[in-house]
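These protein sequence lines are chains A and Y, in that order. Residues in the first sequence are numbered from 16 upward in steps of one, following the working numbering. Residues in the second sequence are numbered from 28 upward in steps of one, following the working numbering. Using N, Cα and C, we set each Cβ at its ideal position, and we do this for glycine too.
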Amino acid sequence: MATTVLDPTHSYAGKRHVIVEWLTTVDHKKIGILYGASAFIFFLIGGLEALIIRTQLMKPDNTLVSPEMYNSLFTMHGTTMIFLAIMPLSAMFFNFFVPLLIGARDVAFPRLNAMSFWVFLLGGLFLNASFLLGAAPNGGWFGYAPLSSRQFAGGLNMDFWVIGLQILGIASLAAGVNFFTTIMNMRTPGMTLMRMPVFVWTTLVTQVLVLLSFPVITVALIMLMADRTFGSSFFSWAGGGDPMLWQHLFWVFGHPEVYILILPAFGIISEILPVFARKPLFGYSAMVFSTMLIAFLGFGVWSHHMFATGMGPLADSFFSLATMLIAIPTGVKIFNWIGTLWGGSIQFKTPLYFSVGFIAMFIIGGLSGVMHAVAPADLQQTDSYFVVAHFHYVMFGGSIFALVAGAYYWWPKMFGRMLDEGLGKVHFWMMLIGFNLTFFPMHFAGLLGMPRRIYTYPAGLGFEIYNEMATAGAFLLGSSFLVFIWNVIKSSRSTEPAPADPWGGATLEWAIPSPPQEFNFPALITVHGKDPLWDTKRAAGVSRLPEPQVVSGKGIHMPGPSWWPLVVAFGILIFFIGFMMKDPWSFPFRPVTIFGLAITIVGIFKWAYEAPDAHAPQH
Amino acid sequence: MPTPHNTEAAATMTTAVLDTHDVAGGEAHHTSMPIDNRKLAIWTFIGSECLFFAALISTFLVYRGQSLKGPGPKDIFSVGLVTGGTAILLFSSFFVVMALNGAQEGNRKKLLIWLSLTVLSGLSFVAMQVYEFQHFYHEGLGYTTNLFSSSFYTLTGFHGTHVAIGTLWLATVLKDAWKGNLPKEKALNLELAALYWHFVDVVWIIIFPVVYLMSLGS
């Protein structure tokens with residue numbers, strides 16, 4: 016969009032106060048950094064919750080936290096890690112790198128992008144504000160009705176959860192539309208779909224999953240909110256409703272959601288391995304089509320979360336088989352990653368350590384996942400610590416390992432400073448050992464019968480040793496991130512700038528300075544293959560391109576900053592808070608809701624009529 | 028170690044090595060597919076909305092006949108009124124096509140007449156629904172009366188909200204057109220609202236038989 020010359024002196028950078036600049040920015044790179052910084056803080060909060068949980072479970076009959084507090088801790092830990100840490104950490108990479116990888120100057124709708132971030136941030140703060148009111152959500156991250164219904168969850172706790180997730184859903188859907196359009200329509204000349212970097216592919220497929228699954232949870236949350244606020248009986252037996260409907264709607268969203276969490280990780284790993292193996296990705300098209308197949312099958316397996324509800328042999332068989340099928344495209348990926356490393360000239364850098372760690376840990380989590388697909392076995396494992404072990408191996412061993420790998424890989428591009436290799440490797444070994452010490456014993460605790468979500472357990476059941484190991488591991492795992500923070504501080508104090516292409520990369524982001532200038536590319540690049548930078552280097556007969564020059568950018572028109580995304584985000588927040596006010600069934604007269612709606616509508620109109628050139632098609 | 032720095036190549040500027048072309052010279056805006064970004068975004072959004080209404084309609088169907096007490100659909104629906112509303116909505120899709128045709132031809136009169144008719148149709152449908160809801164309420168069908176009422180009001184209420192938003196959007200475009208701010212180069216502004224409007228119409232074409240006609244038939 017933003018490539019036409021209107022005013023040769025038009026540049027917004029550096030002309031406003033730094034706080035105003037960040038509050039009104041529509042630059043995808045700044046928004047990416049905002050996502051990353053906010054999500055990392057939420058990640059630390061979620062991690063702190065996990066450490067309290069582990070301390071409570073360290074020994075039998077512990078009384079560190081009350082059962083009620085424990086419910087809030089595991090609910091907020093799960094909700095935070097999924098919606099406020101992994102998803103927005105992926106969004107950081109979508110924002111910062113998708114436009115760079117496809118050779119674009121920004122996303123299709125820069126202001127919508129800013130709105131997505133602000134809605135996400137306000138939604139996350141809103142969810143966590145519940146702690147200050149002593150009303151943190153306490154019904155589990157999947158909010159099963161009737162545990163989440165007014166009858167069994169009377170306080171504001173689950174209102175915070177229901178409304179918080181509604182708000183976060185708006186952010187995800189807006190970003191989904193934005194990134195789908197960006198990837199389909201903003202690729203640089205020559206970049207056909209089958210030349211896109213695999214990270215761009217997995218981002219695209221992730222957006223499709225978001226677009227098709229979030230509306231379903233939105234409807235479920237609307238009905239739960241209606242039950243809680245207005246007294247309908249969608250999920251209440253007393254009124255003829257069926258709590259099973261909640262489970263179905265939730266998991267129709269919830270299972271695609273786990274692929275929303277893992278597909279971006281697959282993409283990051285697929286970018287890193289070729290660069291550090293010095294050879295192109297093995298089986299590019301198989302990688303692309305297996306991503307699509309995983310996403311497609313991911314919509315047909317939701318009921319494997321519900322084997323224990325007694326759906327009958329036919330449904331159980333169907334969902335068992337569909338779930339096992341997913342192992343095939345996932346296995347294709349694993350073998351292709353190994354094939355990429357095979358015979359490569361391996362460069363043992365920190366991003367590669369985390370990537371290889373990812374493959375190993377994800378295989379363990381994937382295998383226990385296939386075990387759950389066997390319905391009779393699942394009946395033994397469900398709601399036990401075996402399940403907790405499984406999903407931490409895919410979510411932490413998978414997603415977080417890959418996100419950390421991506422952070423080490425792309426840090427120099429984002430901030431123009433290298434992270435320390437030595438500290439990075441210390442971080443890796445602490446994280447790998449701490450992670451396995453925490454979660455591997457949980458398999459055994461689960462098979463011995465330790466249920467999940469219990470705040471304590473009696474002595475003598477054989478759970479002690481596994482819980483002691485897990486708690487020790489959790490603290491090691493937590494402190495590994497202190498090493499990371501130390502690394503970041505050290506790097507920010509360094510005065511040595513990172514080169515444009517520190518790793519010898521294959522993709523377009525390495526062709527421009529670190530960090531990139533506001534407009535990314537002084538001129539659009541035409542690509543002729545899947546690894547454009549390697550092609551260029553080979554054609555020029557060099558092993559490394561010269562440092563790109565920082566240019567003035569005169570004549571490049573970028574979209575202007577705007578306050579309206581922030582205003583609309585506040586309007587949406589206030590609109591939803593209005594539904595928490597306790598005055599049953601007086602909907603048209605809820606003043607706070609009306610006020611929020613008014614702000615939203617005014618904001619949207621101001622936005623639509625502001626600087627029409629920023630959004631209108633340009634000719 | 029990263030690959031060694033090639034000092035010889037450093038003399039060459041990156042832009043000379045990479046195959047670049049200068050877009051700052053006033054080249055037309057480039058999209059990868061022959062579709063405007065905004066239009067693609069509306070289509071994407073509509074795809075997402077399909078799942079929103081699919082979930083609402085599924086809920087209505089799952090709870091069909093599950094209410095513990097009345098009134099049920101047969102006691103309350105008046106097919107005449109809603110058939111009128113359906114006709115108005117269907118015709119409005121035709122009106123907006125004519126308006127878009129006028130906008131693309133640069134025919135201001137045609138644009139204003141047909142677009143006004145579209146906005147009027149939208150307003151009439153919303154008015155029909157407000158009247159219908161009030162009527163049902165006075166007949167004893169509150170939002171929480173039974174499963175039928177909750178799922179009916181939620182589904183048709185959200186559809187009505189979509190109609191209201193579409194009407195507001197079209198009215199905004201009408202205001203622009205009235206002020207002469209919708210030349211034919213900007214006809215896309217109307218086309219986007221029209222796309223959304225057709226979608227809202229299509230959803231109603233599903234809701235009308237599934238909610239009203241099937242409930243009366245069974």
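How big is the Cα-Cα spacing for A:I637 and A:V134? There is no way to answer for residue 637 of chain A, as the model of chain A reaches only from 16 to 634.
For a test of the three-state rule: what should DSSP assign to A:I540, helix, strand or coil? strand
By the 8 angstroms beta-carbon criterion, what residues does the stretch 219-241 of chain A contribute toward chain Y? L226, L227, S228, F229, P230, V231, T233, V234, A235, I237, M238, A241
Report the neighbours of Y:V89 on chain A: residues whose CB is nearer than 7 angstroms to its CB, in chain order. Those within 7 angstroms of Y:V89 in chain A are L260.
Contacts that Y:L83 makes with chain A (C-beta to C-beta distance below 7 angstroms): V234
Since Y:T86 contacts Y:S178 with CB under 8 angstroms, what's their CB separation in whole angstroms? 5 angstroms
Check whether A:A489 and A:T453 have beta carbons under 7 angstroms apart: yes
From this set, Y:D228, Y:E212, Y:G207, which residue's C-alpha is nearest Y:H306's C-alpha? Nothing about residue 306 of chain Y can be reported from this structure: the residues present for chain Y run from 28 to 245 only.
DSSP bridge partner residues for A:S399 (one or two, in chain order): A:P466
Look up A:L63 in the DSSP assignment and say whether it is helix, strand or coil. Assigned with DSSP and collapsed to three states, A:L63 falls in helix.
Taking C-beta to C-beta, are A:Q395 and A:M321 nearer than 7 angstroms? Not a contact, by the Cβ cut-off of 7 angstroms.
Candidates A:H270, A:E524, A:T608: closest to A:F591 by CA position: The shortest C-alpha separation from A:F591 is found at A:T608.
What does Y:I62 touch in chain A if you count any residue whose Cβ is under 9 angstroms from its own? M199, N200
May I ask which residues mark the beginning and end of the alpha helix (DSSP H) holding A:V225? Here the alpha helix (DSSP H) through A:V225 covers 213-245.
Using a Cβ-Cβ distance under 7 angstroms, would Y:A114 count as near chain A? no
Residues of its chain near A:P632, where Cβ-Cβ distance is below 6 angstroms and the 5 sequence neighbours each way are ignored: Unreliable positioning characterises A:P632 in this predicted model, as indicated by a pLDDT of 36, which lies under 50. The coordinate reading is nonetheless provided below. Hits under 6 angstroms: none found.
Interface positions of the stretch 171-194 of chain A facing chain B (Cβ-Cβ less than 8 angstroms), listed along the chain: The structure shown contains no chain B; its protein chains are A and Y.
Taking only beta-carbon atoms, is Y:F72 less than 7 angstroms away from chain A? yes
What residue range does the alpha helix (DSSP H) around A:M307 cover? 299-313
Quick one, which residues of the stretch 179-199 of chain Y are near chain A if we go by CB-CB under 7 angstroms, in chain order? T181
In angstroms, rounded to a whole number, what distance separates the CA positions of A:M73 and A:E83? 18 angstroms
With a CB to CB cut of under 7 angstroms and the five nearest residues on each side skipped, what residues in its chain are close to Y:A51? For Y:A51, the predicted structure reports a pLDDT of 41, less than 50, and the residue's modelled location is therefore unreliable. The matter cannot be settled from this model.
When the Cβ atoms of the stretch 105-120 of chain A are set against those of the stretch 532-541 of chain A, are three or more pairs found closer than 8 angstroms? yes
For A:S529 and A:L434, which I take to be in contact (beta-carbon distance under 8 angstroms), what is that distance rounded to the nearest angstrom? About 12 angstroms separates the two Cβ atoms, so there is no contact after all.
If we define contact as Cβ-Cβ less than 7 angstroms, is Y:L259 a contact residue for chain A? The displayed coordinates of chain Y run from 28 to 245. Any statement about residue 259 of chain Y would go beyond what the structure contains.
What does A:G246 touch in chain Y if you count any residue whose Cβ is under 7 angstroms from its own? Going along chain Y in sequence order, the residues near A:G246 (Cβ under 7 angstroms) are T171.
Looking at A:L224 and A:P271, is the spacing between their C-beta atoms short of 7 angstroms? yes
Distance between A:T197 and A:M211 (C-alpha atoms, nearest Å): 13 angstroms
What in chain A is Cβ-close to Y:L95, meaning under 8 angstroms? G254, G255
Quick check on A:F57: does DSSP put it in helix, strand or coil? helix
Using the rule of at least 16 other Cβ atoms within 10 Å of the residue's Cβ for burial, across every protein chain shown, is Y:D102 buried or exposed? exposed
Just to confirm, are A:A301 and A:V347 a CB contact at a threshold of 7 angstroms? Yes, they are a contact pair.
By Cβ distance below 7 angstroms, which residues in the same chain neighbour Y:Y239 in space, the five residues on each side in sequence not counted? F104, V106, V109
By the three-class DSSP mapping on this structure, what secondary structure does A:W352 have? helix
C-alpha gap between A:M173 and Y:T199, whole angstroms: Straight through space, the alpha carbons of Y:T199 and A:M173 are spaced by roughly 38 angstroms.
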